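Each remark here refers to the structure printed beneath this line.
In my numbering, the protein residues as written are 784 to 1087.
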């Protein structure tokens, strides 16, 4: 009879982006009485072109999902979600936000003046520090422990600012909320995972079956984490693609949505990403305790 080694004990954890939504702030989003009603993904603010000499700094940087590495782990699920949308409300009174969105399903879609890049990376865990008063739900300076729009420096408009802390109130994506923005410079710490350190298409669509079988194995020190980022160059909403495309026999769904005669511009509206990470609980055990891992390394440890 052939010996069948025992299966390694594993734990799966799913992490992903949900965040504060300014359209929900007079409502609730769940039965837990949250002070920051939230929705799927992270809202993308309007363009703030305050870095004309360095256009790369005009990009918004979003941390979508992150998970600390437990010596050895495997990414067994990854998904991307991106929407374009507009505020369909054009009258007076309340509510003044009527968002209409379309999920981007054309993998290579981008605006003429806007685009999104995606980054699956290994990076050091953030060092403990006192958070600045300007931080708010899903709006964090430099680094975060969960989904957030990250900023290096930002200025909040007078109608949205907390007079005591200087943080945005009721969400960071309201029209005119962010009046100046510079992304943090954190890319020097990134190490690309499986060639996915920077890609530009939606190859892991949220509802596709292929997102649950990437099987990307990772071995790293325990002071590292797996993180999924998106860098968004927001459209100004005034490009020719929104006004001058004739009506052909067929348009991709995104172009059809853009050319539907909206009063307000169509922008990148929401971004999300999810990871399912499988931790190997035997990593670091002695060979008598763990399932077979092959020859024991000279340093006497597994998973290094």
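Just so you know, even glycine gets a beta-carbon here, dropped at the ideal spot from N, CA and C.
In this text the structure is predicted, and so the values were computed from the model without any measurement.
Within 10 angstroms of the beta-carbon of residue 991 lie fewer than 16 other beta-carbons, which makes it exposed. Per DSSP, residue 906 lies in no alpha helix (DSSP H) segment; the continuous beta strand (DSSP E) that holds it begins and ends at 898–907.
DSSP, reduced to helix, strand and coil, places residue 808 outside both helices and strands of the structure shown, so it counts as coil. For residue 863, the secondary structure class from DSSP, reduced to helix, strand or coil, is strand.
By the criterion of at least three beta-carbon pairs nearer than 8 Å, the stretch 845–857 is in contact with the stretch 1050–1058. Nearest neighbour of residue 843 by Cα position, chosen from 852, 828 and 855, turns out to be 828. Here the stretch 816–824 makes no contact with the stretch 967–984; the two share fewer than three CB pairs at distances below 8 Å.
Shown here, residue 970 sits in a helix according to DSSP, grouped into three states.
Burial check for residue 1020: the Cβ neighbour count within 10 Å reaches 16 or more, so the residue is buried. If the five residues before and after residue 802 are omitted, its C-beta is found closer than 6 Å to the C-beta atoms of 821, 825, 921 and 930, all from its own chain and listed in chain order. With a 10 Å radius around the Cβ and a threshold of 16 neighbouring Cβ atoms, residue 1061 comes out buried. Rounded to whole angstroms, the Cβ separation of residue 987 and residue 861 is 5 Å, and the two are in contact under 8 Å.
Non-local beta-carbon contacts of residue 1037 in its own chain, meaning distances under 7 Å to residues more than five positions away in sequence, involve 867, 885, 887, 889 and 892 in chain order.
Residue 949: not part of any beta strand (DSSP E); DSSP gives it neither H nor E. Counting the other Cβ atoms within 10 Å of the Cβ of residue 805 gives 16 or more, which makes it buried. Rounded to whole angstroms, the separation of the alpha carbons of residue 840 and residue 1035 is 30 Å. Around the Cβ of residue 926, a 10 Å sphere holds 16 or more other Cβ atoms; the residue is buried. For residue 999, the enclosing beta strand (DSSP E) covers residues 999–1002. Residue range 821–823 is occupied by the beta strand (DSSP E) that includes residue 822, with no alpha helix (DSSP H) assigned at that position. Taking a 10 Å sphere around the C-beta of residue 796, we find fewer than 16 other C-beta atoms and assign the residue as exposed. A distance below 6 Å between beta-carbons, with the five flanking residues on each side excluded, links residue 983 to the following residues of its chain, in chain order: 900.
Short of 6 Å from the beta carbon of residue 871, and not among the five residues preceding or following it, lie these beta carbons of its own chain, in chain order: 881 and 883. Residue 1015 counts as buried, since at least 16 other C-beta atoms from the protein chains shown sit within 10 angstroms of its C-beta. According to DSSP, residue 977 shares a beta bridge with no other residue. Residue state for residue 895 is assigned as coil, using DSSP reduced to three classes. Taking the C-beta atoms as reference points, residue 966 is found nearer than 8 Å to residue 935.
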